[in-house]
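Report on one structure; see the data block that follows.
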Amino acid sequence: MTTLLNYLAEYFGDSANWSGASGIPTRLAQHFGYTLLAFVISVLLALPLGLWTGHTGRGGVLVSLTANAARALPTYGLLVLLVVLYGIGLVPVMVPLVALAIPPILLNSYEGIRGIDPALTDAARGMGMTSSQILLRAQLPVALPLILVGLRTAAVQIVATATIAAAVSFGGVGRPIVDGLARSDYALVVGGAALAGICSLVILALFAVLGRLLVSPGVRASRD
Numbered sequence: 001m002t003t004l005l006n007y008l009a010e011y012f013g014d015s016a017n018w019s020g021a022s023g024i025p026t027r028l029a030q031h032f033g034y035t036l037l038a039f040v041i042s043v044l045l046a047l048p049l050g051l052w053t054g055h056t057g058r059g060g061v062l063v064s065l066t067a068n069a070a071r072a073l074p075t076y077g078l079l080v081l082l083v084v085l086y087g088i089g090l091v092p093v094m095v096p097l098v099a100l101a102i103p104p105i106l107l108n109s110y111e112g113i114r115g116i117d118p119a120l121t122d123a124a125r126g127m128g129m130t131s132s133q134i135l136l137r138a139q140l141p142v143a144l145p146l147i148l149v150g151l152r153t154a155a156v157q158i159v160a161t162a163t164i165a166a167a168v169s170f171g172g173v174g175r176p177i178v179d180g181l182a183r184s185d186y187a188l189v190v191g192g193a194a195l196a197g198i199c200s201l202v203i204l205a206l207f208a209v210l211g212r213l214l215v216s217p218g219v220r221a222s223r224d
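This is how it looks when you write it as structure tokens:
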């Protein structure tokens, strides 16, 4: 433990690590940039499909097969394969991250809508709501806590795994880990790992705030 603390103190206490292209602020900005891009792509692909299948009750088998197939993909192996096929670039980095994030978003949005009491849907239909209004104004607010859990899980998985970008010459907080291992500089390795942990904690805190802001008090109370 003392050695670990010494490595942390050495890395974060070195002023050279706080400026320049390889400084901590730059690495964090790069890492969150990869995370945000992969997360947005994942949401655009998975969330509408999960909501639609949950609302209509059709395609549940497709959702399950897609999620299980994406889960079965080895992230690092897929990255290496794509680099071999297409060369070094952002696409080989994004594809494994998106594949990793799709299952929790897809399954939680599907299950969130499917798990709603049918009486609520019937009441909304009886009020004259259209199908899209039922989904967006009646079902979605109730399913939002479970959907946010899926989004949070996906975001944490992306931010934790985005360190693989450094394996193909990109930046982010994985860069100190890769460079440190290459140089046997364990202060760099520990510092990069600490930054990755900090990024995950930031994501968890952000979704805790979003949950308080977006989920209605009545829905929160019914789940407590």
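Numbering (UniProt numbering), first residue to last: 1 to 224.
Note that the Cβ used here is the ideal one computed from N, Cα and C, for glycine as well.
Item: Endpoints, the alpha helix (DSSP H) within which residue 127 is located; Value: Segment: none, residue 127 is in no alpha helix (DSSP H) and carries neither H nor E.
Item: Coil, strand or helix - residue 21 by DSSP; Value: coil
Item: Whole-angstrom distance between residue 108 and residue 148, CA atom to CA atom; Value: 8 Å
Item: Uninterrupted alpha helix (DSSP H) stretches inside the region 77-145 (no shorter than 4 residues); Value: 90-114, 118-126
Item: Cβ neighbour criterion (16 or more within 10 Å) applied to residue 92; Value: buried
Item: With 16 other Cβ atoms within 10 Å as the buried cut-off, status of residue 104; Value: buried
Item: Beta-carbon spacing of residue 163, residue 171 below 8 Å; Value: no
Item: Cβ contact (3+ pairs, closer than 8 Å) linking the region 61-73 and the region 93-103; Value: yes
Item: Burial state of residue 177, where buried means 16 or more other Cβ atoms lie within 10 Å; Value: buried
Item: Within 8 Å, strictly: CB atoms of residue 12 and residue 180; Value: no
Item: Short Cβ contact (8 Å threshold) for residue 106 with residue 50; Value: yes
Item: Cα-Cα separation, residue 68 to residue 160; Value: 20 Å
Item: Residue 94 burial status per 10 Å Cβ neighbour count (16 or more: buried); Value: buried
Item: Given residue 78 as reference, the closest of 219, 199, 168 once Cα atoms are compared; Value: 168
Item: Proximity of residue 141 and residue 43 at Cβ, strictly below 8 Å; Value: no
Item: Selected residue, minimal CA-CA separation from residue 158, among 4, 144, 174, 209; Value: 174
Item: Residue range of the alpha helix (DSSP H) that includes residue 164; Value: Careful: residue 164 lies outside any alpha helix (DSSP H) and carries neither H nor E.
Item: Residues near residue 120 by beta carbon distance below 8 Å, same chain, minus five either side; Value: 138, 139, 142
Item: Pairwise C-alpha distance: residue 200 and residue 40; Value: 17 Å
Item: Own chain residues within Cβ distance below 6 Å of residue 30, not counting five before or after; Value: 171, 172
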